[in-house]
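Visitor: The structure follows.
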Amino acid sequence: MKLSIAAIGKPGRGPEAALALDYAARATAAGRVLGLGPLDLIDLEPRKPGKVPEAGLLLAAAEGSHLIACDERGRTFGSRAFADHIAMLRDRGERRLVFAIGGADGLDPTVLEAAGSTLAFGPQTWPHALARAMLAEQLYRAVTILAGSPYHRD
């Protein structure tokens, strides 16, 4: 099952972007034996401002995939439960998961309605570049948990 993080905006060249790329590469390498990956980072730049143009790009990037909307009102998971959710989606035959990170104003309702799942990082507001890095890290952690690597919380 392929994994993608589709996010509005460019992450820039800062440490957050490098961290997201590093964790995406780690998740890709670790996930091969499990049928998970690669983990692609998709940066989307709308030509017009606003949630509606952003939604069009996110929905197009997720076409034919199981869409997981990253939203502050979404479901929170512990790391093991997040890994189990990904495994459940893989085992039921999903071929691709796309995690959608909206712009500064969040996700348009059409993205939330189209999503098969939601994910929240908690009630805090996170910069987009950091949200990408945090999500890439959690996907790497999920892959290693599913691969049977020791997990310090068990």
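Going by the working numbering, the residue at position 128 of the sequence shown is 1140; the numbering climbs one at a time, nothing skipped. The beta carbon of each residue, even a glycine, is placed where N, CA and C say it ideally should be.
Smallest Cα separation from Gly1118: which of Arg1107, Gln1136, Leu1051, Asp1103?
Guide: Minimum Cα-Cα distance from Gly1118 among the listed residues Arg1107, Gln1136, Leu1051, Asp1103 corresponds to Gln1136.
Visitor: Rounded to the nearest angstrom, what separates Pro1058 and Leu1142 at their Cα positions?
Guide: 20 Å
Visitor: Rounded C-beta distance between Ala1039 and Ala1074? I'm assuming under 8 Å.
Guide: Actually they do not touch by this definition, with Cβ atoms about 18 Å apart.
Visitor: Mapping the DSSP letters down to three states, classify Gly1043 as helix, strand or coil.
Guide: helix
Visitor: Return the first residue and the last residue of the alpha helix (DSSP H) that Asp1120 is part of.
Guide: No alpha helix (DSSP H) holds Asp1120; DSSP gives it neither H nor E.
Visitor: In chain order, what are the residue ranges of uninterrupted alpha helix (DSSP H) at least 4 long that sit wholly in the region 1091 to 1151?
Guide: 1091 to 1103, 1121 to 1126
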